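Chemist:
In the working numbering, the protein residues as written are 56 to 130.
Here it is as structure tokens:
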């Protein structure tokens, strides 16, 4: 018996994928993918609170006796 060479994806012709509207709708529903658009006016920022927040945060970290490993930058 003649053994065939292992096939690879590059040695085979690859058909271009083209999804139908029904396939795409089913995929989005199955995988709970949603398109959410936020409308309306955004709230204004409290600039005064933003200026004093770094000091308040430093006090919270110091008073809570948190280590550097427990504080994360979520900027």
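Ideal Cβ placement from N, Cα and C applies to all residues, glycine included. Remember, predicted model here, so these are calculated numbers, not experimental data.
(1) Leaving out the 5 sequence neighbours to the left and right, which residues in its chain are closer than 8 Å to residue 126 when beta-carbon positions are compared?
(2) What three-state label does DSSP hand residue 129 in the structure shown?
(3) Rounded to whole angstroms, what's the CA-CA distance from residue 109 to residue 121? Just pull it up for me.
(4) Residue range of the alpha helix (DSSP H) that residue 96 falls in?
Modeler: Considering the structure as presented:
(1) 116
(2) coil
(3) 15 Å
(4) Taken as a continuous stretch (DSSP letters only), residue 96 belongs to no alpha helix (DSSP H), as it is neither H nor E.
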